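Taking mature numbering (1 follows the signal peptide of the UniProt record, and there is no 0), I'd label the letters of the sequence shown as residues -24 to -1, 1 to 108.
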Amino acid sequence: MKNVMCVSIVAGLIMTASTGVASASDREGFPALSWKAGVITSNEGVNVRGEPTTNSTAWSTLDAGALAGFTCKVRGQEVDGNDLWYRLNVDRVRYVTARYVQTRKHIPYCGYKPSLDPVDLQPVTAEEAPMG
């Protein structure tokens, strides 16, 4: 039984890793996800676009209840009071409005680099520098 469950989960993760999206029926088989994911909450689904605006071409649609993987978020056109868009974890740059996504983990902003503590930026003396 454990082997069957493990194979099902691995197969689901492989499918999701290649497409970035899993169907609603696949969700129940997933353990706590290590990648950033969200569930599509709109009854009509959401359009997948090349830019974070409804003026951009709709390349496809994610169905209501679909589980999608994201890499990061950006600010774009406001949709019903929400200007955040999630970049899908797929092989091309594609976005969905955050208005109709319930996320499972924190999604960082695209290009965000955590700042270093100023203490870490102090000069290093010759005696402190590593050799080699």
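Ideal Cβ positions, reconstructed from N, Cα and C, are used throughout, including at glycine. As the structure is a computational prediction, the values presented were derived from the model and not from experiment.
So, at 6 Å on beta carbons, what are the nonlocal neighbours of residue i in its own chain, with the 5 sequence-adjacent residues on each side left out?
i   : result
T37 : G21, N23
P28 : V50, G52, W61, Y71
D39 : G21
V55 : T73, R75
W35 : V24
I think residue i touches residue j, with their Cβ atoms under 8 Å apart; what is that distance to the nearest whole Å?
i   : j   : result
W61 : T73 : 6 Å
T33 : Y76 : With a Cβ gap of about 18 Å, T33 and Y76 do not count as contacting.
Y88 : V50 : Actually they do not touch by this definition, with Cβ atoms about 10 Å apart.
A42 : L64 : So it is not a contact: roughly 11 Å between Cβ atoms.
Which residues does DSSP list as the beta-bridge partners of residue i?
i   : result
R63 : C48, Y71
Y85 : K49
Could you name the residues of the same chain whose beta carbon sits closer than 7 Å to that of residue i, not counting the 5 residues immediately before and after it, in chain order?
i   : result
Q78 : G14, V15, T17
Ignore the nearest five residues each way along the sequence and tell me which others in residue i's own chain have a CB closer than 8 Å to its CB.
i   : result
H82 : K12
R80 : L9, K12, A13, G14, V15
D59 : R51, G52, Q53
With 16 other CB atoms within 10 Å as the buried threshold, where does residue i fall?
i   : result
R25 : buried
N31 : exposed
G57 : exposed
N19 : exposed
V69 : exposed
If you scan the stretch 6 to 44 from start to end, which runs of the alpha helix (DSSP H) of 4 or more residues do you find wholly inside it? The DSSP assignment places no complete run of the alpha helix (DSSP H) inside the stretch 6 to 44 (cut-off: 4 residues).
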